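Numbering (this note's numbering), first residue to last: 1 to 147.
All C-beta atoms in this analysis are idealised placements derived from N, C-alpha and C, irrespective of residue type, glycine included.
Note that the structure is predicted; figures quoted are calculated from it, not measured.
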Amino acid sequence: MSAGQSSLSFAHGDETHPIEQKAFIGVDSAAGNVVKQFHAALQTGNEVIVRQLLAANVQIYEGGKVERSLTDYANHHMLADMAYLKGLTITPKEHQITITGDVAISTSISHAQGEYKGKSIDSMAMETLVLIKQVDGSWKITHVHWS
1 MSAGQSSLSF
11 AHGDETHPIE
21 QKAFIGVDSA
31 AGNVVKQFHA
41 ALQTGNEVIV
51 RQLLAANVQI
61 YEGGKVERSL
71 TDYANHHMLA
81 DMAYLKGLTI
91 TPKEHQITIT
101 GDVAISTSIS
111 HAQGEYKGKS
121 IDSMAMETLV
131 LIKQVDGSWK
141 ITHVHWS
């Protein structure tokens with residue numbers, strides 16, 4: 001099993017699930033706008049906006065590892081993530097945001113193409129974000145899971 005791959009994925013063998021149609025639900029909500037701002041800030045290298053949108057206690061799961069705070073992420077992978085995304089074209093394939101009370105869950109699949117450190121990139125990515133509505137009505141990202 002490679003790093004970052006779920007052990008359960010082996011139970012499914014080589015089965016595929018084609019995307020039959022693009023599904024974009026809830027992306028124009030207030031929480032959806034925060035998600036779009038987060039993606040844009042990462043891709044353009046806007047560290048100030050990324051810091052504003054992530055909660056101080058955010059947990060970021062990626063590649064079998066976890067960063068347990070905004071400070072942890074900023075000190076370890078944030079700048080590398082920004083450098084990686086800068087040279088890529090990201091094409092959303094589907095994106096749904098479900099809001100229940102003060103909690104929003106964003107799930108998405110996207111296609112990334114481009115070049116990073118001289119290597120060609122052509123991959124599918126999945127993302128889950130959990131956002132919590134703050135007392136002032138704004139949304140903060142409290143959990144990120146990238147695979």
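- About 5 Å separates the CB atoms of A41 and V50; that is less than 8 Å, so the two are in contact.
- Collapsing the DSSP output to three states places G114 in a strand.
- The Cβ neighbour count for S108, taken over all protein chains shown within 10 Å, is at least 16; the residue is labelled buried.
- The alpha helix (DSSP H) runs lying completely inside the region 39 to 67 and spanning 4 residues or more are 47 to 53, given in chain order.
- The residue among E47, G45, D72 with its C-alpha nearest the C-alpha of V58 is D72.
- For D122, there is no enclosing alpha helix (DSSP H); the residue is part of the beta strand (DSSP E) that begins and ends at 119 to 133.
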